[in-house]
Structures are given as C-alpha cells and as structure tokens.
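Below is one structure, written out as structure tokens, with a few remarks after it.
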Amino acid sequence: MFRILRKDVFSPTVKRFTIQAPEIAKKAGPDQFIVLRIDEKGERIPLTISDSDPEKGTIATVFQEVGKTTIQLGGLKQGDSIQDVVGPLGTPAHIENYGTVVCVGGGVGIAVLPPVVKALKNKGNKVITILGARTKDLLILEEDLKKISDELLIVTDDGSYGTKGLVTNELERLVKESVKIDLVIAIGPPVMMRAVSNLTKNYSIGTLVSLNSIMVDGTGMCGACRVTVGGKTRFACVDGPEFNAHDVDFDELIKRLAMYKEDEKLAMEYYKTHQQEHHHSCC
Amino acid sequence: MSETTKPKKEKLPRQTMPHQNPMVRRRNFDEVAIGYTEELALSEATRCIQCKNPTCIPGCPVEIDIKGFIHLIAEKKYVEAAHLIKEKSFLPAVCGRVCPQEDQCEKVCVIAKKQMPVAIGRLERFVADYEASHGETILPKLPPSTGKKIAVAGAGPSGLTVAGDLIKLGHKVTVFEALHEPGGVLVYGIPEFRLPKAIVKREVDFLKKLGVEFKLNYVIGKIKTVDELLGVDGYDAVFLGNGAGLPKFMGIPGENLNGVYSANEYLTRVNLMKAYKFPEYDTPIIKGRRVAVVGGGNVAMDAVRTASRLGAEEAMIIYRRSEEEMPARKEEVENAHEEGVIFKNLTNPVRIIGNDKGWASALECLKMELGAPDESGRRSPVPIKGSEFQVPVDVVIIAIGTSAQPLIAASAKGMEVNKRGYIVVDEETGKTTKEGVYAGGDIVTGAATVILAMGAGRKAAKAMHEYVMKK
C-alpha cells in the first residue's frame, strides 16, 4: 500500500498527491512515470512523476479528473492509501546543454515540466516556459515554474489570465521576434503537441514531446501504448515517453486514446449508481 | 457393470475427463475440464502397469516420481501422492492442467505402444485438487538457515520453482514481481477457464507459508538494477526469470488501428485485470462481434476461446499453415473446434483495413499452400498469387509470439545476451556469463511452456545452492 502524505487541490478537477514511495523516489528521473491501481477492482493507469524527493522518500503526481478512475482517485484524502504503485517507468528525458529551450506545457501536462526545467537549468540552458490553460482556474504550478524558468509566458483560451490565445501563438511570436530557439519541449494534450509540432516543423526547430498513451503493464509486455514514430511502431512505455515530435503520428495517437470512450461512459455510470448505493447503505 | 464373462486380461480404456458442455462453456469463464472423480482416478490408476524401468519419469522435465504417485492413488493414498509430487514440483495443480503431457511423460508411457497412455496429467491434477480440498496441505520441515540471501526476478513458473527449491534448502528468498500479482503467465496469460486463478494463488500461498518473501510492483532493471541486488542489497545470487516480454507484431499496414490487440494485452486485460467483469472491474476490453486471432499456438487458442466467451459471434483463427503444423496442443485445438471456433487455415493476413474512425473493419488475407519443409521441419506456407480476399472483423488479435524484454539484461553489467536479446546460459546450470547471476524460462529459451521453465528453474536452483554454499 502507498500512502498519500499530502493532497493539493489545484482546481476542482486538478489535484496533486504526494505519495510515500521511497524506493521509487530514489530512482525517478525527469519525464518518468508510475502506473497505479487504486484497489482490487481498479484499472492500471499511467501518471507522470511531477516531483520526487529521495530524502523524504516521496514522489508527487498531478492528475486531472476525466473518467471513473481519476475521479475516484481525486476523492481520496490525505492519509488514504493506493493499493499498487509501480515505477519509475519509461526512459528519463534526455537532457543536455542545448542553448535556449522553450518548454511548452498545456493543461495537466504542465505538471511534468518542473523536473524537466530543473534538469535543463542544471545543464546550463536558458529556459523560456510557455503555459497554456483553458481558463485561469485550470492553470497550475505557475509559481513553481516562474521560480525555475528564465522567462514565463502564460496564455489562456478565454483570455481570463495572461495572453488570450493558444500556446502556439506565443511560440510563433517568439520565433518571429527572432528569439534563437535551439529546442522545444512540448508536454500536454495531444492536440496541443500536434499543433506545436506542426509549427516547429515549419521553422525547422527540433522538438521533443512526451506521449501519454493508454498502458496496462507499463513495461513493454502488452503493447497497448504503441505509437507510430518515423513510420515504425514504438512502445511509449519503454521506448518513450519522450519522442522526436516531427516523427510522431499524432492523428493515430489521438484516435487510439479515444479507443475506450464508450466504455469510459459505462464505467462512470456504474460508478455513480454504486456510489449512491454505498451512500444509502451508510446512512 | 454389464460384463458377465471376464476375459483374462481386460483392458480398461483411458478414462475420459468430464468436460463442461461445449455449447455452454463457450460463453462462460468457468473451467472447461471438470476433473476426475475419485472413481475415475482409481480406474485410471489401475491402468498403470508399474513398469520396472519407468520411461515416464525421465520424460518429465522435473522428473516427478510418476510411477510412485500413481501407485499411491491405486492405494487410495491421495494426499501422500500429492506430497510425493511436491517433492519435485511445487505446482502440481497447475502442471496437471497446462503441461503438454502428450509430448512428455505420456508420450513415452510404456503402454502407449499398444493403447492410449496412462492419463498422467489428469491424475496429477486429481491428487493436487484432492489435497487442496481436503485441507491437508502440510509444510515440509525446513533446515536451519544458511544465512544466504537469494533474489528472484519474476514470479512466473521458473521463478516460483527457484524460490521453492531454495527456501527448502534453508536460504532466504525474495521474489521481485513487476505486476501487482505473483504468477507471471499463470495469472496474466493463461485464461481462467483453463487454469482458475484461485489455484495459482493457492500454490503461491504455499510458498509464502514456507517463508518466501514477495515484493510486488517491482521492476528489476528500473527500481533496482541486478548490480544493486548483488552489491548494496547483499544478495548472494540472483535468478532472472522475467519472461519473454515484448509482443511481436506482423509489420503489416493497419496494426495500430483501434480494435487491434497483441495477445498479451488482450489476455492481460481479461485474465489479470478481469475485464470480462467490466464494469464491476474497471478495465475495459473491446468485445468484438467478429474477432480474428492470428496465429496457431496455445496463446492463439487461449485468445480465440476468450473472444468467444466475451460474446463474439464469429471467433476465428487465421493461420498460415494447415492444422497439422499448428504448434498448439491438440487438446486445445479440439476444445476450440468443439466451442465453434472457425479455423481459417492456410491463410495469411497482409493488411488490416480500417474505417474512417480509425477502427479495424476487415482483414485482407492471402490463401497459402504448403511447399517444401523449412528449418523447423514443417512444410512452409507459400502464398497463392492473386488469392487476396477480405474477412470482415472488428477485433484483431496478434498471437505470433514474443521477443526478449531488454530491461533486466541492460541492468546487469557484463551479462551476455544473444543477438535476439535472450540471456546466454549454461544449459545444465542456468549460469549466465555474470558471476552470481542465473537465468531460466522464456527469457533464455524464448516463449515455451510452463513445465520447461520450471525445469530450468530446478536446474538453476541446484547450481545456485552449490554456488552460494561455496561462497
């Protein structure tokens, strides 16, 4: 069992857990992930490690409530436990001194950025961070990233905070203002990563993305997470999650992520009715 | 009985195993074979002629005293029979169900020259189940501790065997398992209807009672390297039984369409994650109406029969050779036939066609004919030009084998792997090229059987014992 030592509520649907997992904390690198299963009947879902503290023996992960499992997870409280946590999985992000790196984070993907930005800074890079959210309330980790980035730019879809627009607008503005960009790292919803990738392809700027495929075991055994990269099938769990953006077939990824849409609805309905029953029997 | 005149030497036929009715079982996950009753087991046991030089024993990869345990059955000493088997195998209830006895002990049974061999597997299963249901599982006495620590990576058949053998010799044993449940392929791969998971749990619990420690959710190669196990963690020897790992795909267009699974994923969702009980269990699975399974091995049979149980109207096997060449056990192929599985043999898929939403909708295949034998000795399939045809499908499962999982090997400096990534070992001892590290099972041989992995574990355990005692 893995205890939740701390729960931060960033927004009604975005939460961060700090989890006691000393052995994982010792090994976790930037862009690595865990697979967790809440309880006996739970499914296994991958979540990125957003922070790790080897001294305290903790890891942190940020998630957005989008379906049955993440909603159930979000309902857990400080002091509760998660039955299974396995990690660190995936290959850590490849970090070197590139020069100037623009880190683009969208939605809950922003949570993955702090360890990446820190590692980039440690290697002597200049880091410009662009954060995008639908609306002000959904923007997370602004302060954390402000502290560690050289420059922080914020956009919201509805203009409720920062500049109104999309992350690609800001990125294109930088390019047009002749800011020298040696590398772009984009982590967020696949639609955002695809848009960033299309943009940087036009300007021939090297771009890395972190892919959030559906996984079961997370160790290469099942192949659920396969993506087409450079015309070849790769497994996001062991070959990634980081890939060269310009080689990724995002359309395929987006379709694959929607594979269980109908089942997700069913699972949600089932969960709601059974929660009600549970409440009744409690009262 | 009806016989009034008794011939001098009446030959009793091999006792058939009661099965669930095929038309019923094809839609449920209960075990297919119901198991011998005591009467059937007794009758079958009398068919064993107790040869002076039994050939069945060397025919078993772990050399179970087959003659001995069948003799005990004939004397109605069922629990004793189970204990005798357990001297050599920790997993009799598993092996009695999934071993290919027809290629091993039963193949070399002396009476098989003239009649059907003794049903050794069914008898093994009978005594193991009898022992379990009569609550008479006794623990062997353990010798005093040797003070030696053994690490085992992977809680599948080979790892469990190593753990059992070495704990019995007085060593401290820790098994590291990547998944959340021990058992390896016994829990994620082999379906409930062929091997109920409660049985695997029973066998694992037995090892726990003996003192084996299980660390779940532990991926050796990620959370810990092999070098760390031997170094800072102070293990005296390490056994690697992490399995073959990565599923192979065909490399044809359309394999990443929605509705296309590797057999590993399909079976893991259903067996380990219990997707057949969705939404009570959270893991979903696409239940196709027309499901095509590509391959002709045991895994393909497991997958296609699972598809039928999930409600497929057409559950099909697509195999490029003829049924004769199928690597699956005959018994499983027969079971599949009985359950209404459609066999499209001499058929090779060339591409998977998708609809506009990215879902598989048809499998385009070529008809094949058999040519000259290839290096495996089987006649090789040759495509018939211009014979393309389409099979409408909504789920495709690729069951054409696996390749080596690279995580562990990469974490053991100086350990040699062959060009396909499998660990190089000395066949008799399982010793790798790295001191203190032994390996066995699918990560050495490539995908094989439960009992062969157990046999490899047995040999490695013996060598590891000698190694740590000399240390």
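First to last, the protein sequences are chains A and B.
The opening position of the first sequence corresponds to residue 0 in numbering that gives the first Met the number 0, with each subsequent residue numbered one higher.
The opening position of the second sequence corresponds to residue 0 in numbering that gives the first Met the number 0, with each subsequent residue numbered one higher.
The beta carbon of each residue, even a glycine, is placed where N, CA and C say it ideally should be.
(1) Output, in sequence order along the chain, the residues in the region 51-76 of chain A whose CB is closer than 7 Å to any CB in chain B.
(2) Just to confirm the assignment, what range does the beta strand (DSSP E) spanning residue 51/A have?
(3) From residue 1/B to residue 325/B, what distance separates their C-alpha atoms?
(4) Which bits of chain A does residue 201/B rub up against, with CB to CB less than 8 Å?
(5) With a threshold of 8 Å between beta carbons, is residue 181/B in contact with chain A?
(6) Classify residue 274/A as buried or exposed, calling it buried when 16 or more other Cβ atoms lie within 10 Å of its own Cβ.
(7) What residue range does the alpha helix (DSSP H) around residue 379/B cover?
(8) Between which two residues does the beta strand (DSSP E) carrying residue 437/B extend?
(9) Mind pulling the alpha helix (DSSP H) runs of 4 or more residues that sit fully within the region 25-85 of chain B?
(10) Looking at chain B, which residues of the region 198-225 of chain A have a Cβ within less than 7 Å of any of its Cβ atoms?
(11) Within the same chain, show all residues whose beta-carbon is closer than 8 Å to that of residue 413/B, passing over the 5 residues directly before and after it, in chain order.
(12) For chain A, check one thing: does any of its Cβ atoms lie closer than 8 Å to the Cβ of residue 281/B?
(13) Determine the chain B residues that contact residue 266/A at a beta-carbon separation under 8 Å, and present them in chain order.
(14) If you measure beta-carbon to beta-carbon, which residues of the region 258-269 of chain B are closer than 7 Å to chain A?
(15) Please check the pair residue 150/A and residue 127/A, which I expect to be a contact at CB under 8 Å, by giving their CB distance rounded to whole angstroms.
(16) Just to make sure I have the definition right: I need the residues of chain A whose C-beta is within less than 9 Å of the C-beta of residue 354/B. Which are they?
(17) Kindly indicate if chain A contains any beta-carbon less than 8 Å away from that of residue 229/B.
(18) Please identify the residue among 99/A, 164/A, 121/A, 32/A whose C-alpha is closest to the C-alpha of residue 130/A.
(19) Check whether the region 130-147 of chain B and the region 364-374 of chain B touch, using three or more Cβ-Cβ pairs below 8 Å as the test.
(20) Cα separation between residue 96/A and residue 182/A?
(21) Who pairs with residue 350/B in a beta bridge, going by DSSP?
(22) Checking contacts by CB at 8 Å: is residue 255/B closer than that to chain A?
(23) Start and end of the beta strand (DSSP E) containing residue 35/A?
(24) Mind listing the chain E neighbours of residue 23/A? Cutoff is C-beta to C-beta under 8 Å, in chain order.
(25) Ends of the alpha helix (DSSP H) at residue 71/A?
(26) Using the C-alpha atoms, what's the distance from residue 321/B back to residue 377/B?
(27) Residue 243/A lies in the beta strand (DSSP E); which residues open and close that run?
(28) What does DSSP give as the partner residues of residue 246/A in its beta bridges?
(29) Are residue 271/B and residue 333/B closer than 8 Å when you measure CB to CB?
(30) Tell whether a beta-carbon distance below 8 Å holds between residue 284/A and residue 105/A.
(31) Whole angstroms is fine: what's the gap from residue 238/A's alpha carbon to residue 51/A's?
(32) Quick check: the Cα distance between residue 241/B and residue 225/A, rounded to an integer number of angstroms?
(33) Taking 6 Å as the limit between beta carbons, can you name the residues of its chain near residue 410/B, skipping five residues before and five after?
(34) CB residue 186/B to CB residue 196/B, shorter than 8 Å?
(35) How should residue 170/B be labelled, buried or exposed, when 16 other C-beta atoms within 10 angstroms of its C-beta is the threshold for buried?
(36) For residue 206/A and residue 243/A, I'd like the C-alpha separation in whole angstroms.
Reading from the atomic positions:
(1) Within the region 51-76 of chain A, contact with chain B at the beta-carbon level (separation under 7 Å) is assigned to 67, 68.
(2) If you number the first sequence from 1, residue 51/A lands on position 52. Counting along the chain, the beta strand (DSSP E) containing residue 51/A begins and ends at 50-52.
(3) Counting from 1 along the second sequence, the entry for residue 1/B is found at position 2. Counting from 1 along the second sequence, the entry for residue 325/B is found at position 326. Because the pLDDT of residue 1/B is 46, which lies under 50, any placement of that residue in the model is unreliable, and the number read from its coordinates should be weighed accordingly. For residue 1/B and residue 325/B, the distance between alpha carbons rounds to 41 Å.
(4) As a working mapping, residue 201/B is identified with position 202 in the second sequence. Against residue 201/B, chain A offers no close residue; the least beta-carbon distance is about 18 Å (beta-carbon pairs closer than 8 Å).
(5) Your numbering for residue 181/B matches position 182 in the second sequence. No, residue 181/B lies away from the interface with chain A (no Cβ there is under 8 Å from its Cβ).
(6) Position 275 of the first sequence, counted from the start, is the residue given in the question as residue 274/A. Result: exposed.
(7) As a working mapping, residue 379/B is identified with position 380 in the second sequence. Where residue 379/B is concerned, there is no enclosing alpha helix (DSSP H), although the beta strand (DSSP E) around it starts and stops at 378-382.
(8) If you number the second sequence from 1, residue 437/B lands on position 438. Start and end: 436-438.
(9) As far as the region 25-85 of chain B is concerned, its whole alpha helix (DSSP H) runs of at least 4 residues are 37-45, 65-73, 77-85.
(10) Within the region 198-225 of chain A, the qualifying residues are 215, 216, 218, 219, 220, 221, 222, 223, 225.
(11) Indexing the second sequence from 1 puts residue 413/B at position 414. Excluding positions up to five away in sequence, the list reads 432, 433.
(12) As a working mapping, residue 281/B is identified with position 282 in the second sequence. Look at residue 281/B: its C-beta is under 8 Å from a C-beta on chain A.
(13) Walking along the first sequence from the start, residue 266/A turns up at place 267. Contacts between residue 266/A and chain B, judged by CB atoms closer than 8 Å, involve 277, 278, 281, 283 in chain order.
(14) Under the 7 Å Cβ criterion, the region 258-269 of chain B contributes 261, 263, 264, 267, 268.
(15) Within the first sequence, residue 150/A is the residue found at index 151, counting from 1. Within the first sequence, residue 127/A is the residue found at index 128, counting from 1. About 4 Å separates the beta carbons of residue 150/A and residue 127/A, which is inside the 8 Å limit, making them a contact pair.
(16) Here the question's residue 354/B lines up with position 355 in the second sequence. Against residue 354/B, chain A offers no close residue; the least beta-carbon distance is about 11 Å (beta-carbon pairs closer than 9 Å).
(17) Working through the second sequence from its first residue, we reach residue 229/B at position 230. Chain A contact via Cβ: absent.
(18) Your numbering for residue 130/A matches position 131 in the first sequence. Here the closest residue by C-alpha is 164/A.
(19) The region 130-147 of chain B makes no contact with the region 364-374 of chain B, as fewer than three CB pairs between them are under 8 Å.
(20) As a first step, residue 96/A must be located in the first sequence, where it is residue number 97. As a first step, residue 182/A must be located in the first sequence, where it is residue number 183. Computed Cα separation, rounded: 10 Å.
(21) The sequence position of residue 350/B within the second sequence is 351, counting from 1. Its beta-bridge partners are 363/B.
(22) Working through the second sequence from its first residue, we reach residue 255/B at position 256. Residue 255/B counts as touching chain A.
(23) Along the first sequence, read from residue 1 onward, the residue named residue 35/A stands at position 36. Looking at the DSSP string, the run of the beta strand (DSSP E) that includes residue 35/A is 32-36.
(24) In the displayed structure, chain E is absent; the protein chains listed are A and B.
(25) Stepping through the first sequence from its first residue, residue 71/A is reached at position 72. First-last of the alpha helix (DSSP H) with residue 71/A: 67-73.
(26) As a first step, residue 377/B must be located in the second sequence, where it is residue number 378. As a first step, residue 321/B must be located in the second sequence, where it is residue number 322. Rounded to whole angstroms, residue 377/B to residue 321/B spans 10 Å at the Cα level.
(27) Along the first sequence, one-based indexing puts residue 243/A at 244. Run containing residue 243/A: 241-243, per the beta strand (DSSP E) assignment.
(28) Taking the first residue of the first sequence as position 1, residue 246/A is located at position 247. According to DSSP, residue 246/A bridges with nothing at all.
(29) As a first step, residue 271/B is located in the second sequence; it is residue number 272 there, counting from the start. As a first step, residue 333/B is located in the second sequence; it is residue number 334 there, counting from the start. Not in contact: residue 271/B and residue 333/B (Cβ atoms no closer than 8 Å).
(30) In the structure as shown, chain A starts at 0 and stops at 282, and residue 284/A therefore has no counterpart that could be examined.
(31) Here residue 238/A is taken as the residue at index 239 of the first sequence, counted from 1. Here residue 51/A is taken as the residue at index 52 of the first sequence, counted from 1. Inter-residue distance for residue 238/A and residue 51/A is about 22 Å (C-alpha atoms, whole angstroms).
(32) Translated into positions along the second sequence, residue 241/B becomes position 242. Translated into positions along the first sequence, residue 225/A becomes position 226. In this structure, the CA atom of residue 241/B is about 21 Å from the CA atom of residue 225/A.
(33) Counting from 1 along the second sequence, the entry for residue 410/B is found at position 411. So the qualifying residues of the chain are 220, 224, 225.
(34) The residue given as residue 186/B occupies position 187 in the second sequence. The residue given as residue 196/B occupies position 197 in the second sequence. Going by C-beta atoms, residue 186/B is nearer than 8 Å to residue 196/B.
(35) Reading the second sequence from its first residue, position 171 is the one you call residue 170/B. Counting other Cβ atoms within 10 Å of its Cβ, residue 170/B reaches 16 or more and is therefore classed as buried.
(36) The residue labelled residue 206/A in the question sits at position 207 within the first sequence. The residue labelled residue 243/A in the question sits at position 244 within the first sequence. Using only the alpha carbons, I get a separation of about 6 Å.
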